[in-house]
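Asks:
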Amino acid sequence: MCEQRSGQALSDGAGKAGSPRSSDQAESQRDRGNLQGQITRLFLMQELAIHRPSSASRVAGPLVTAQTPLRISHPSSNARRSVLNAVTPKQGSFGRARCRRQRSVPLFATASAEQRVMRGRAREHSSQSNPHEAAVTHSDIELDVDFDSHVLSGHVEHTVAVKSDGASELALDTSDVTVSSITVNGKAAEYDLGTAHKALGSKLVVKLPAGLKAGDTATVGIDFAASPEASAVQWLPPEQTAGKVHPYLFTQCQAIHARSILPCQDTPGAKFSYTAAVRVPKQLRALMSAVAVEGGAEDGADLQRVAKRSGAATRVFRFKQAVPISSYLLALAVGNLVQRELGPISAVWSEPEMVEAGAYEFAETSKFLDAAAELAGPYQWGRYDLLLLPPSFPYGGMENPCLTFVTPTLLAGDRSLANVVAHEIAHSWTGNLVTNATWEHFWLNEGFTVFLERKILGRLYGEQRYQFQAAGGWLKLQHTVTKQFGSEDHPYTRLVPDLQGGVDPDDAFSSIPYEKGFAFIHYLQQLVGGSAAFEPFFKAYIEHFSGTPLTSEDFRAFFEDYFKSNESIKQIDWDTWLYKTGMPPVKCEYDESLGKAAYELAKRWHTADVMGIGSSGPSGACAADIEGWSSTQVVAFLDKLAELRAMQPLHPSITRRRACGGGPMNELYDLDSRHNSEIRSAWFQLCINAGDDAVLPGVEAFLQEQGRMKFLRPLYRALNNSKSGTAKKAAVETFERNKRSYHPIAAKMVAVDLKLAKPTDE
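Residue numbers 1482 to 2243, in this note's numbering, belong to the letters of the sequence shown in order.
Right under this line is the structure:
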């Protein structure tokens, strides 16, 4: 059942540092408008009428029925409204989740037509390129990888499709990239490299031949060299690898870092196919987000347009990506890499020292792929390989087509963290095929991917797994809103944030697009009749928008047309869901039977120290409390306890036994010695918040041995916000010791969290 939030506490906090926005600016994001978006919706709905399945193939019928909804006049944006509304839950075909309206808002959106129209416009604030006038549709790339100078240099040949008559220039994004020459159709061309913007880099403008018309093409060749400090690239010395013998390189281009490697149209709304030839030291192997060309590894081969380097022997690897991708999905890794097969189209790659552990941990990859294809349609990318990276990789996984990058923090030894692989597999459809047009609509990428990930797990392990993961996601969402952003009024808690003014999308990154996006999609599923109604829609949505970047308004138009005979969709408050801050207006309740024991245990520990003054722990607590539990259940226990203690941390006597006796949590459950990274992170945060300085050596070791931002940022923030002077000091000292081993993106974001640097929008 989904229920409306009965009220929302007013917050006296404005936006946190790193994302200042006045209320007027926030409103302007929602109100800016012209008729372009409405026209787009009208044309889209006409097109959908052709593709929409017949009503006989769709299941209608509301899950949530509004009774006596009240229309309320639209007050000022800062006022709180109330509405009387009863809801009648009906059982959905997938799970027993119930949704209730959570925030005091009208049942029906009150935004004007002009306001809605504007939101449909895919205005790009994170790129200075011009794909609407001249679009790069294919790129032939040659790269030389120089481990001595830490420079990626090369040549790119862009095929440019002219989109409008009279287009006179091609605009590309760059960031600290040196351009030595440019040709257009084989002839030297005029170009201008603009002044660098702190977040967006420099705009490269290439003059095109006069008289071009829509439909014409041109070829633009560029000789370039990336900076040794390129934000997308991490160069690892041998001592930072598993083998300790060979150097290593990997890239991370999401969100706007591809421009630091080569000039490109660095926006998710511009897609291109590519080929690549990569020259590396002979003893190393290159991999890319593409399919390796058979027989493409050539010892001593030369690149056609890049000068040969003297010195050590080299080899060239060749790749082809036939499916158009966005620039953030361009990826390269070079190292001492070997593979183990996982299935008909899958293998895991890694250094020899880790590859067997990876093969065991990710053995279920083929099952995930099969389940995803049942839900979303045929797999389009040819190969699905995994690359197990060194510990400094800043994410759990990165959905690079054909080659997902994953962190070694997933090597739990019991496959308990393999859901990350399910998530990255889901991206093969949601994100890689169906892509948000701009970073402001990122929830369409991650919200749908979390939804498909949980559907995959539900198909393989039962409905309760979907429900359990969804319930845990709601806890993470609450933590993000209340702890990371500190206010329900924070502008980055919108599903569609305002990135005007050159905001780096990395600064707005959080679990909001993931978990608030999932909450919205799950709510829509329950509203229209459950899985039986929504899953056919989901597959139709993937098919229709495959290869076509879209906005939130494009999604809305498709959804409303598909379910136009379903009266329940009139209840959807699109305005609040998409453009208002804070927790969702509707809270869905999930089947928590898998987590019941974990949640009950959390309540016992909570009530044993309600006032935060210390106690001997709950009566009868013993090691048998968690005997036989999965790692996921232990994390659920710790997360639930953290939620219950959000306002008043535990006393340190609760988290571990002291010399004088007292709280036995660590001794009973042996939490300090756990190797599962999710357990370690949750446990360490609980202890830091409790002022338990005895945990600091373990925290510092964890922050040194891996660079995943999911763990780095919350732990550094917890240390920095601790009342313990020792913990505060440890935050800065630990970061200073380890920042050079972190990926540049991770180091930048942690520095902001510790207030050692300012966000790029300040």
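The C-beta atom is built at its ideal place from N, Cα and C for all residues, glycine as well.
Looking at C-alpha atoms only, which residue of PHE1628, ALA1782, SER1754, LYS2077 is the closest neighbour of GLN1715?
Replies: PHE1628
Asks: Enumerated in chain order, which unbroken segments of the beta strand (DSSP E) with a length of 3 residues or greater are wholly contained in the segment 1629 to 1664?
Replies: 1632 to 1643, 1650 to 1655
Asks: Give a yes or no on contact between the segment 1645 to 1664 and the segment 1743 to 1754, applying the rule of three or more CB pairs nearer than 8 Å.
Replies: Judged by Cβ distances under 8 Å, the segment 1645 to 1664 makes contact with the segment 1743 to 1754, as three or more pairs qualify.
Asks: Does the structure place the segment 2219 to 2231 close enough to the segment 2186 to 2197 that three or more beta carbon pairs sit under 8 Å?
Replies: yes
Asks: For the candidate residues PHE2018, PRO2133, ILE2160, PRO2145, whose alpha-carbon lies nearest to that of PHE2118?
Replies: Shortest Cα-Cα distance from PHE2118 to any of PHE2018, PRO2133, ILE2160, PRO2145 involves ILE2160.
Asks: In angstroms, rounded to a whole number, what distance separates the CA positions of GLY2063 and TRP1910?
Replies: Between GLY2063 and TRP1910, the C-alpha separation is close to 28 Å.
Asks: If you drop the 5 nearest sequence neighbours on each side, which residues of the same chain put their C-beta closer than 7 Å to that of GLN2175?
Replies: Here the sequence assigns Ala to residue 2175, which means Gln is not the residue at that position. Correct list, in chain order: ARG2137.
Asks: Please return the same chain residues whose Cβ sits closer than 6 Å to the Cβ of THR2215, not counting the five positions on each side in sequence.
Replies: Within the same chain, THR2215 has close Cβ partners GLU2181, LEU2184.
Asks: Leaving out five residues on either side along the sequence, give the residues of the same chain with a beta carbon under 8 Å from the beta carbon of ALA1530.
Replies: With a pLDDT of 41 at ALA1530, under the threshold of 50, the modelled position of that residue is not reliable, and the figure given next carries that caveat. Here the set comprises ASP2042.
Asks: Taking Cβ to Cβ, would you say LEU1810 is nearer than 8 Å to PRO1882?
Replies: yes
Asks: Do ALA2123 and GLN2166 have their beta-carbon atoms positioned less than 8 Å apart in this structure?
Replies: yes
Asks: Using the Cβ count rule (16 or more neighbours within 10 Å means buried), how would you classify ARG2221?
Replies: exposed
Asks: Determine the DSSP secondary structure at LYS1688, reduced to helix, strand or coil.
Replies: Three-state DSSP puts LYS1688 in a strand.
Asks: Which residue comes first and which comes last in the beta strand (DSSP E) that contains LYS1801?
Replies: 1795 to 1807
Asks: Less than 8 Å separating the beta-carbons of PRO1612 and THR1748?
Replies: Cβ atoms of PRO1612 and THR1748: closer than 8 Å.
Asks: According to the Cβ coordinates, are ILE2094 and HIS2132 closer than 8 Å?
Replies: Taking 8 Å as the cut-off, the beta carbon of ILE2094 is found closer than this to the beta carbon of HIS2132.
Asks: Which first and last residues belong to the beta strand (DSSP E) in which ARG1760 is found?
Replies: 1752 to 1762
Asks: Could you round the C-beta distance between GLY1776 and ALA1794 to whole angstroms and report it? I think they count as a contact, below 8 Å.
Replies: Between ALA1794 and GLY1776 the Cβ distance is about 19 Å, and since that is not below 8 Å, they are no contact.
Asks: What residues in its chain sit with their C-beta under 7 Å from that of GLU2016, if we drop five residues either side in the sequence?
Replies: LEU1856
Asks: Exposed or buried, GLU1996, counting other C-beta atoms within 10 Å across all chains shown (16 or more means buried)?
Replies: buried
Asks: Label ARG1760 either buried or exposed according to how many other C-beta atoms from any shown protein chain fall within 10 Å of its C-beta, with 16 as the threshold for buried.
Replies: Its Cβ being crowded by 16 or more others within 10 Å, ARG1760 is buried.
Asks: Use the C-beta contact count for CYS2103: other C-beta atoms within 10 angstroms, 16 or more gives buried, fewer gives exposed.
Replies: exposed
Asks: Identify which residue in GLU1944, ARG1604, HIS1908, SER2154 has its Cα closest to the Cα of GLU1927.
Replies: HIS1908
Asks: Determine, using beta carbons only, whether LEU2008 and GLN1948 come nearer to each other than 8 Å.
Replies: No, these two residues do not count as a Cβ contact at 8 Å.
Asks: Please classify ARG1740: does DSSP put it in a helix, a strand, or coil?
Replies: Looking at ARG1740 - three-state DSSP - the assignment turns out to be helix.
Asks: Among SER1634, HIS1631, ASP1621, which one has its Cα closest to the Cα of ARG1641?
Replies: Per the sequence presented here, residue 1641 reads as Val, with Arg not at that position. Among SER1634, HIS1631, ASP1621, the Cα nearest to that of VAL1641 is on ASP1621.
Asks: Using 8 Å for Cβ pairs, my map puts PHE2287 next to THR1618. What's the rounded Cβ distance?
Replies: Missing from the structure shown is residue 2287; the chain here goes from 1482 to 2243 and no further.
Asks: Can you check whether the CB of GLY1839 is closer than 8 Å to the CB of SER1847?
Replies: no
Asks: From this set, ALA1680, GLY1635, HIS1636, HIS1639, which residue's C-alpha is nearest ASP1988's C-alpha?
Replies: Comparing Cα-Cα distances from ASP1988 to each of ALA1680, GLY1635, HIS1636, HIS1639, the minimum goes to ALA1680.
Asks: Measuring CA to CA, which of SER2205, HIS1971, LEU2075 is closest to GLY1943?
Replies: LEU2075
Asks: If you draw a straight line from the alpha carbon of SER1991 to that of LEU2193, how long is it in whole angstroms?
Replies: 13 Å
Asks: Mind the definition here: the segment 1721 to 1736 touches the segment 1801 to 1819 only if three or more C-beta pairs lie below 8 Å; say whether that holds.
Replies: The count of Cβ pairs closer than 8 Å, one atom from the segment 1721 to 1736 and one from the segment 1801 to 1819, reaches three, so the stretches are in contact.
Asks: Comparing C-alpha positions only, which one of CYS1580, HIS1606, GLU1484, LYS1789 sits nearest to GLN1981?
Replies: HIS1606
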